[in-house]
Structures are given as structure tokens and as C-alpha cells.
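J.: Take a look at the following structure, please.
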Amino acid sequence: MTSAEAPRQAPPTPEPAAAASAGALAYLRERRAPGRRAGRGNTAYTLYCVLLVTAVWGVPYLAAALRAAQDGSWQGPAADRVLHLLPVAGPVLCALLPLAAARRARWRGPVRVDPPTAAWLLPHPVARRALLLPSFRRAAALWGGAGAAAGAAAGLVLHALRPGPWWAALLAGACGGGAAGCLATAAGVVTQRHGGVPRTLPWAPPLAAVAALPLVAAAGGAPAWAGAAAAALATAGAAAALTAARRAAPAIPARVLREQAAAAVRLAAAGYALDLRLAAATVRAARGRAPVARRGPPPPRRGRPAALLLVPWRDATGLLREPSRLLWAALWWAAALACASLPHPAAALAALVAGCAGASQLAEPARLEGDDMRRSAALPWPPGSLALRHGLLPGALLLLTGLPAAVVLGGGAPLLLAGVPALVCAALVQSYRGAVPTRLLIGSETPLGNTGPVQVLLWAFRGPLAVSAALGPALVATASRGATPPAAWALAPAVGAAAAWWAQRTAYRLRSGPAGRTGARRGAWPGGRYPLASRRHGMGRSGPTAE
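Laid out in C-alpha cells, this is it:
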């Protein structure tokens with residue numbers, strides 16, 4: 001029989017992916033059994049620590065809430081105000097949970113794989129369902145259980161504020177919180193699958209808002225039948241969302257899983273090193289950049305005004321290319337002004353914290369320059385003067401937007417407005433802080449443990465902490481007395497001047513470090529004592545440009 005007459009053999013039928021990878025997955029489960037046992041031990045220890053902290057700190061407060069529900073000690077004007085705001089604040093907070101989960105899923109989603117799985121298993125034709133669905137089930141159970149526990153605790157607190165059956169408030173809170181947690185998990189999985197904010201995501205915030213209605217009804221803000229109907233609708237919606245997310249989980253792109261696994265490793269390394277700036281940069285890089293604005297403010301022309309406006313123009317262009325920072329700065333600043341106007345000492349301290357956070361958002365261009373000295377190598381200013389020029393735009397924005405609000409709100413808002421230079425310079429100190437010194441990471445041993453983490457946190461936030469400690473007594477006195485002490489109006493500019501000098505010194509020392517010591521000497525910077533051509537092109541005998 002010739003080769004032409006030989007019967008053709010049918011090609012082998014491809015084995016389904018599930019059956020083909022069953023043996024490989026079984027082998028891997030066997031080989032990874034010791035690691036899984038160690039992981040279960042770590043999880044059990046973490047759960048034990050969480051339960052211990054909850055028992056020490058949470059149970060006494062819950063017991064106090066139950067006692068207050070019996071004797072009515074928590075009921076009064078403050079409780080009436082909370083119950084009055086609950087029908088609006090509860091749905092809004094629950095509606096924000098899926099949006100926050102979707103934003104987090106852009107860099108760390110509910111469906112996770114370890115780096116070896118991302119590097120070795122995902123490129124092969126392995127059954128995706130067997131590989132990814134266990135992670136999805138763990139995430140759904142974790143977030144659903146956490147939401148139910150938080151909702152149950154909120155139900156007990158509301159039970160203390162308003163008399164009624166405790167079991168109704170407990171069940172309503174657990175049902176609403178569990179549904180909101182499941183909806184947040186589903187929103188995160190869908191975001192992982194489609195990238196960004198998909199068109200199918202708008203269903204999550206309304207359903208999460210409905211999940212808050214059972215608790216509102218238990219607190220007397222809605223009829224009982226409305227709470228029962230909302231609980232049924234929220235449960236059905238959460239079940240449908242989890243079903244859709246379960247179908248979408250195996251279709252998550254391998255590229256997304258690999259990038260998120262690598263980002264998790266880098267984030268863990270930054271956490272062990274207590275480098276908050278590296279951790280934030282890792283999250284931003286994994287999340288991706290927003291669409292860049294094509295148009296920005298016109299560049300300044302020649303002359304002395306142009307030299308003054310050059311750095312603010314660069315900062316404005318950078319902020320317009322990242323509009324989320326402008327939004328967060330506006331929210332923090334609005335919260336700071338609102339808290340400063342309240343007649344309560346705690347609100348005054350919260351106003352300082354929010355004001356420092358808003359100024360830090362607007363000082364992001366200075367932080368980028370502090371991380372990379374090459375960005376300002378061609379600018380003809382010494383490091384201290386350049387740092388203060390970075391504070392012109394944040395200070396102007398905070399003053400212009402806060403002046404009308406301070407006039408309307410009153411209270412401590414005008415004093416907070418007078419402290420804007422201090423807040424901005426504190427943000428500049430934080431922007432130019434540089435790398436964490438090794439001696440702080442090592443710390444020292446005490447009977448209460450190592451002091452390294454506390455030292456690093458105090459060093460990282462030393463600018464806002466110092467300014468808040470200096471301005472705090474004046475704001476607290478204003479909130480307590482209802483009027484601003486005369487000495488406070490002189491204290492705010494003095495603190496601003498001291499913070500400006502501190503920001504100058506911090507920027508200079510950063511340039512004078514090992515990476516920029518030659519460029520920090522007087523005359524070595526471009527424009528120090530060189531002709532105009534050298535200043536224009538950033539040329540000199542030494543300095544960052546020459547290097």
C-alpha cells in the first residue's frame with residue numbers, strides 16, 4: 001500500500017481544558033500542601049489578633065450601647081440629629097462602597113493570584129474556573145461577612161439612640177451591610193474584567209443605597225414594610241451581582257492578574273520598609289493614569305512676571321493632567337472650613353488635619369520634584385527658593401476658594417484661612433522629606449516594643465504635625481470661646497514664616513545630600529553667578545545638569 005493509499009488518521013480530539021489541567025492542578029495542590037498549611041496558620045493567627053482587638057476595644061463599646069439602650073442615656077438632641085441625617089447619610093455611604101471597591105480593583109482586585117501562579121500557570125491552557133473561582137469565593141465571603149458585622153454593630157448603636165426591638169436593628173444592619181459588601185465585591189470583579197469603570201457598573205451604587213434602607217427603617221426613618229421590601233430587593237440584587245461576577249471572574253485578563261500580583265509584591269516591600277511614598281507610587285503606577293488634558297494654561301511670557309509665574313504654571317499644568325487631586329483637594333478644604341466653623345475643640349483639630357491633607361494634594365508637583373531632582377535641574381533658582389515658588393499656586397487656590405466660605409461660615413474659618421501659608425509650607429516640608437533614614441528604621445527596643453515604626457511615622461508627617469501643634473491651641477480656643485483671641489492673628493503669620501524657613505532648609509538639605517551635593521553649593525546651580533546663556537540652558541561647571 002502506497003503512502004497515497006494509506007488511510008488518513010483523524011487528528012486527535014483536543015481534550016477539554018478542565019480535564020487536561022486536572023492532573024496538573026492536583027499535582028500542584030499536593031506540592032503546595034505545606035505552604036497552604038502555613039498560610040492557614042497565618043490566617044488563623046491574623047483572625048485571632050482581629051478577634052482579640054475586637055474583644056478588647058469593640059465589645060466594651062457594644063456593651064455600653066446595650067446598656068444605653070436600656071437606660072436611654074444616649075438619647076437626646078445629638079441622637080435626634082444623627083437619626084435625622086441617617087436617611088440621607090446611610091444610602092450615600094453605602095452607595096460609595098462599590099465605587100471605592102471599583103477604584104481599588106484597578107490595582108488590587110478581589111480575584112487575586114500569587115506571583116508564581118501569575119508567571120507559570122496563567123500562560124498555559126489551565127482551567128480558569130478552577131484557578132480563579134476559589135479566590136472569588138474567599139473575597140465574597142470576606143467582604144460579605146465584614147459588611148454584615150459592621151452593619152450589625154451599626155444596628156446596635158442605632159438601637160441605643162432610639163428605643164425598639166434590638167433584634168430588628170441587628171438583623172436590618174446585618175442584612176444591609178452584607179448586601180453592600182457583596183455588591184462591592186461584584187463591582188470589583190467586573191472592574192477587573194473590563195478595566196476602568198465599565199458601562200455595566202452603574203447598577204451597583206443604587207442597589208447599595210437600597211441596602212441601607214432596612215437600617216433606616218429600623219431607626220424609624222421609613223415604614224417597616226419599606227424596610228422589608230428593601231431588604232428583599234438588596235438580597236436579590238446582591239445574589240444576582242455575585243452570579244454575574246462569578247461568570248466574569250474566569251474571564252479576567254491574564255495581564256491584569258500579572259500586573260496586580262507584581263504590584264502586591266512591591267507594595268508589601270514598601271510596607272516592610274515603612275516607605276509610604278513608595279507605596280503610594282506603586283498604587284498609582286498599578287492603577288494607571290487618567291486621560292491627559294490636551295490643553296492647559298498658556299505659558300508665561302518673557303520678563304520678571306514670567307520668571308515669577310513659571311513654576312506656578314508648571315504646577316498648574318501638572319495638576320490639570322491629574323484632575324483627581326484637584327477634586328480631593330477641594331473636598332478636604334471644604335471639610336476643613338466646615339469643621340473650623342463648628343464650636344467644638346475636636347472639630348478644630350479635624351479642621352487642621354483636613355487642611356493639611358488638602359494642601360498636600362495641591363503640593364503634588366513639589367513632591368514629584370523632590371523625588372526626581374532632574375526635573376528642576378535647568379531652572380535658575382536655588383533649592384530653597386524653588387520650594388517656596390511651588391507653594392504659590394496651592395496658597396493662592398486655598399485663599400481664593402476659602403475666602404467666601406470663611407466670610408459666610410465664620411467661627412474659626414477665618415483663622416484657618418490666615419494659617420494657609422503654614423499649611424502649604426508644611427506640605428512642602430513633607431514633599432521634600434526624601435528617603436527614610438536607616439537609623440529610624442532600626443529604632444530602639446523598649447518594654448513596649450521597637451520604636452522604629454513610630455519614629456518613621458513621626459518623621460514622615462513631621463511638617464503637618466508641627467504646624468498642627470502650633471496652630472491647634474489657637475483654633476481650639478476659638479472654638480471654645482466663640483471668638484478668636486487677638487494673639488492668634490499674630491500667631492498664624494509667625495507659624496507660616498517659621499514653616500517657610502523650615503521648607504527652605506528641608507529642600508536645601510535634600511539637594512545637599514549624596515545625590516545632589518555638588519548642585520547645592522552656591523554658584524554651582526544654574527543661574528547662581530553664571531551668564532544668561534548658562535542660566536537659560538541650565539549649563540554650568542557642576543551641578544545636576546553637568547552630571
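Quick note on numbering: the UniProt record's numbering labels position 73 of the sequence shown as 73, and the sequence is numbered without any gaps.
Ideal Cβ placement from N, Cα and C applies to all residues, glycine included.
Quantities reported herein were computed from a predicted structural model and do not represent experimental measurements.
Can you name, in chain order, every residue of its own chain whose Cβ lies under 7 Å from the Cβ of Q75, other than the five neighbours on each side?
T.: Mapped onto the sequence shown, residue 75 falls at position 75. Excluding sequence neighbours, Q75 sits near L161.
J.: Helix, strand or coil for T446? Go by DSSP, reduced to three states.
T.: Counting from 1 along the sequence shown, the entry for residue 446 is found at position 446. In the structure shown, T446 sits in a strand (DSSP, three-state: E or B).
J.: Taking only three categories from DSSP, how would you classify P414?
T.: Sequence index remark: in the sequence shown, residue 414 carries index 414 (1-based). Looking at P414 - three-state DSSP - the assignment turns out to be helix.
J.: Who are the near neighbours of W502 in its chain, counting only those whose CB is closer than 6 Å to its CB and skipping five residues on each side?
T.: The residue given as residue 502 occupies position 502 in the sequence shown. Result list for W502: V429, in chain order.
J.: In the DSSP assignment, the alpha helix (DSSP H) including R375 goes from what residue to what residue?
T.: Indexing the sequence shown from 1 puts residue 375 at position 375. Careful: R375 lies outside any alpha helix (DSSP H) and carries neither H nor E.
J.: Do you know offhand how far A238's Cα is from P206's?
T.: What you label residue 238 is simply residue 238 of the sequence shown in a count that begins at 1. What you label residue 206 is simply residue 206 of the sequence shown in a count that begins at 1. Rounded to whole angstroms, A238 to P206 spans 12 Å at the Cα level.
J.: Measuring CA to CA, which of L86, L28, P323 and C175 is closest to P116?
T.: Residue 116 sits at position 116 when you count from the first residue of the sequence shown. The shortest Cα separation from P116 among L86, L28, P323 and C175 belongs to L28.
J.: Is it buried or exposed, H124, if we count other Cβ atoms within 10 angstroms and call 16 or more buried?
T.: The residue labelled residue 124 in the question sits at position 124 within the sequence shown. Exposed, since its Cβ has fewer than 16 Cβ neighbours within 10 Å.
J.: Report the three-state DSSP secondary structure of A219 (helix, strand or coil).
T.: As a working mapping, residue 219 is identified with position 219 in the sequence shown. Coil, per DSSP.
J.: Of all the options L213, S21 and S431, which has the alpha carbon lying nearest to the alpha carbon of G178?
T.: By 1-based counting over the sequence shown, the position of residue 178 is 178. Out of L213, S21 and S431, L213 has the C-alpha closest to the C-alpha of G178.
J.: Which runs of the alpha helix (DSSP H) spanning at least 4 residues fall entirely within the region 104-186, listed in chain order?
T.: Within the region 104-186, the complete alpha helix (DSSP H) runs of at least 4 residues are 128-161.
J.: Alpha carbon to alpha carbon, how far is A230 from A236?
T.: By one-based count along the sequence shown, residue 230 stands at place 230. By one-based count along the sequence shown, residue 236 stands at place 236. So the alpha carbons of these two residues sit roughly 10 Å apart.
J.: Within the continuous alpha helix (DSSP H) that includes T243, where are the two ends?
T.: Residue numbering aside, residue 243 sits at position 243 when the sequence shown is read from its first letter. From DSSP, the alpha helix (DSSP H) with T243 extends over A224 to A248.
J.: What are the start and end residues of each continuous alpha helix (DSSP H) run of 4 or more residues lying completely inside the region 469-504, in chain order?
T.: The qualifying runs do not exist here; there are none.
J.: Express the C-alpha separation of C339 and A487 in angstroms, rounding to a whole number.
T.: For this step, residue 487 is matched to residue 487 along the sequence shown. For this step, residue 339 is matched to residue 339 along the sequence shown. Computed Cα separation, rounded: 21 Å.
J.: Any idea what DSSP makes of P404, helix, strand or coil?
T.: Along the sequence shown, one-based indexing puts residue 404 at 404. Correct three-state label for P404: helix.
J.: Who are the Cβ neighbours of L388 in its own chain at under 7 Å, not counting the five residues just before and after it?
T.: Counting from 1 along the sequence shown, the entry for residue 388 is found at position 388. Correct list, in chain order: A500, A503 and Q504.
J.: Examine the Cβ distances between the region 394-410 and the region 471-478 and report whether three or more of them are shorter than 8 Å.
T.: Contact between the region 394-410 and the region 471-478 is absent, because fewer than three Cβ pairs lie under 8 Å.
J.: Looking at C-alpha atoms only, which residue of A492, P250, A286 and G145 is the closest neighbour of A466?
T.: Locating residue 466 in the sequence shown gives position 466, where the first residue counts as 1. Of the listed residues, the one whose Cα sits closest to A466 is A492.
J.: The alpha helix (DSSP H) spanning S431 covers which residue range?
T.: Residue mapping note: residue 431 aligns to position 431 of the sequence shown, counting from 1. Where S431 is concerned, the enclosing alpha helix (DSSP H) stretches over V420 to S431.
J.: For a test of the three-state rule: what should DSSP assign to residue 554, helix, strand or coil?
T.: What the structure shows of the chain is the stretch from 1 to 547, and residue 554 is not part of that stretch, so it cannot be assessed.
J.: Nearest-angstrom Cα distance between P380 and R511?
T.: On the sequence shown, residue 380 is found 380 positions in, with the first residue counted as 1. On the sequence shown, residue 511 is found 511 positions in, with the first residue counted as 1. Approximately 14 Å between the Cα atoms of the pair.
J.: Just to check my reading of the structure: A335 and A354 have Cβ atoms closer than 8 Å, yes? What is that Cβ distance to the nearest angstrom?
T.: The residue given as residue 335 occupies position 335 in the sequence shown. The residue given as residue 354 occupies position 354 in the sequence shown. Rounded, the Cβ-Cβ distance is 4 Å, consistent with contact.
J.: To the nearest angstrom, how far is it from the Cα of S324 to the Cα of G221?
T.: In the sequence shown, counting from the first residue as 1, residue 324 sits at position 324. In the sequence shown, counting from the first residue as 1, residue 221 sits at position 221. Cα to Cα, the separation comes out at about 34 Å.
J.: How is Q192 classed by DSSP in three states: helix, strand or coil?
T.: For the purposes of this step, residue 192 is identified with residue 192 of the sequence shown, where counting begins at 1. Looking at Q192 - three-state DSSP - the assignment turns out to be helix.
J.: The alpha helix (DSSP H) spanning Q75 covers which residue range?
T.: What you label residue 75 is simply residue 75 of the sequence shown in a count that begins at 1. Premise fails: Q75 is in no alpha helix (DSSP H) and is neither H nor E.
J.: Spatial neighbours of P87 within its chain, please: C-beta separation below 8 Å, excluding the five flanking residues on both sides.
T.: The residue given as residue 87 occupies position 87 in the sequence shown. Same-chain partners within the cutoff: V216, G221 and A222.
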